[in-house]
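Below: the structure, in structure tokens.
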Amino acid sequence: MAQTIPFVDLSFQHEPLQAQIEQLWRDCIAQGQFILGPHLAAFEQAFAAASGVAHGIGVASGTDALALGMRAAGIQAGDEVLVPANTFIATLIGILRTGATPVLVDCDPDTALIDLEAAVQNITPRTKAIAPVHLYGQLVAPQALKDFAQSHNLLIIEDAAQAHLAHRDGITAGSIGTVAAYSFYPSKNLGAMGDGGMVLTDDPEIARKIRAYRNYGAREKYIHQEWGTNSRLDNLQAAVLSLKLPQLPAWNAARNQRAEQYNAALAPLPGICPLVNHSGPGHSYHLYVIRVQPPHQREKLQAALMAAGIQTGIHYPIPCHLQPAYRFLGYQLGDFPNTEQLAGEILSLPMYPGLTAAQVEAVVQAIRDSVPIATHGSSH
Ligand SMILES: *Cc1c(COP(=O)(O)O)cnc(C)c1O
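Take the sequence shown: its position 318, counting from 1, is numbered 345 in our numbering, and each next residue is one higher.
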């Protein structure tokens, strides 16, 4: 067996920055400012500016960014929010925390992104918003999304937790919706050394509300005029994120380059079908996902890759509507055929900045070796 190829390797990001991070943290400790400190304000401005949005509000996680962002945008009990059935469960949790009802929508099987044509069928007088998820690092088509929202008078809440600085058709993630939610979970494209999140918005009143919500509902200390909780991105994490942010465009480009290499090398293999990139270099490839057909081959391929020292993942094995905790929403098997089919076929291959061309080639070779129906250079 050759070397192990991990699914994600953060050492490439952290080793070059480690001395600077340690110095910054020493300075923070000396200053004694840990909550709502100067690094948070600086990072909020820098990340919002990089995304082309006016305001950034750092919160404790991506889940909180969704929940607080939607609440500040006016989503509440009685409202319905359209959301893809194939997303990470946190998108649903964010909606449910506002008291609103998530209304699930099937996906386009080529991209795994929400299918706006299917979404039309689910619009009711209570539909208040659509929460598109820029899944795996690819934006839902921005103009189609804006047209859809405008024609049905809906707010757009972007779940951009997998799409920091991703872009499509000249539009950057976070600049489409009324609010956009980000996560800085360590393995995201821009990751902290702990939990963290942010809401971006161009609306100053929404920004002001979220700043109050995250800080016990206090605009001034000990005066609680509105609903609140405790959800802040801490100063130490913001300092790390500020150091990493300038590297992010190059990291995203490196992911995109490796994805192009995977795409080209996997194209001739029967039964192996990469998800389609409609964004060219704007796809930030948080994850690199293939479909394996027929579906029962997926487990075999995953086991063969594991035996060859190659780690893979499945994002996500059980769609939201089939999760035990969400049965109360009333969905059942068969409701979202594309989502259900993808859940049985998808496999995420190693992807991170620092993954080398040789490693990608090793993964591809292991796939060639283990796909029984592969026809090496034959006339197929
Ligand atoms: C990671 C993620 C979240 C949640 O972010 P946390 O920081 O883990 O709370 C939400 N939505 C999507 C699509 C994610 O990938």
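For glycine and all other residues, C-beta sits at the position ideal for the given N, C-alpha and C.
With a threshold of 6 Å, establish whether the CB of residue i neighbours any heavy atom of ligand 1.
i, result
"Gly126", "no"
"Gly83", "no"
"Gly89", "yes"
"Gly224", "yes"
"Asp106", "no"
"Thr199", "no"
"Gly189", "A small fix is needed here, since residue 189 is Gln in this sequence, not Gly. Correct: Gln189 has its Cβ closer than 6 Å to ligand 1."
"Tyr240", "no"
"Phe70", "no"
"Asp186", "yes"
"Val316", "no"
"Phe115", "yes"
Reducing DSSP to helix, strand and coil, say where residue i ends up.
i, result
"Thr90", "helix"
"Leu302", "coil"
"Ser406", "Below a pLDDT of 50, predicted positions are generally treated as unreliable, and Ser406, at 37, falls in that range; no measurement from the model is reported."
"Tyr289", "helix"
"Ser210", "strand"
"Leu227", "strand"
"Arg410", "This structure cannot speak to residue 410, because the chain is shown only from 28 to 407."
"His251", "strand"
"Lys215", "coil"
"Phe39", "helix"
Grab the span of the alpha helix (DSSP H) containing residue i for me, first residue to last.
i, result
"Tyr240", "231-240"
"Ala265", "262-271"
Could you spell out the range, first to last residue, of the beta strand (DSSP E) harbouring residue i?
i, result
"Ile10", "Residue 10 lies beyond the range of the chain shown here (28 to 407); nothing can be said about it."
"Glu247", "245-247"
List, from N- to C-terminal side, the alpha helix (DSSP H) runs of 4 residues or more that fit wholly inside the segment 324-396. 324-334, 364-372
Whole runs of the beta strand (DSSP E) within the segment 124-200, excluding any shorter than 3 residues: 128-132, 154-157, 182-186
At 4 residues or longer, and completely inside the segment 43-115: list those alpha helix (DSSP H) runs for me, N to C. 65-78, 89-99
Are the segment 78-85 and the segment 311-325 touching, with three or more C-beta to C-beta distances below 8 Å? no
Just checking, does the segment 266-278 make contact with the segment 204-218 on the three C-beta pairs under 8 Å criterion? yes
Could you tell me whether the segment 87-94 touches the segment 284-300, where touching means 3 or more Cβ pairs closer than 8 Å? no
Under 8 Å: do the segment 99-119 and the segment 145-157 share three or more Cβ pairs, one atom per stretch? yes
Does the count of Cβ pairs from the segment 369-389 and the segment 29-42 closer than 8 Å reach three? yes
For the structure I just gave you, are there three or more beta carbon pairs, one from the segment 41-49 and one from the segment 188-208, closer than 8 Å? no
The segment 243-260 in contact with the segment 291-300 per 3-pair CB rule at 8 Å: no
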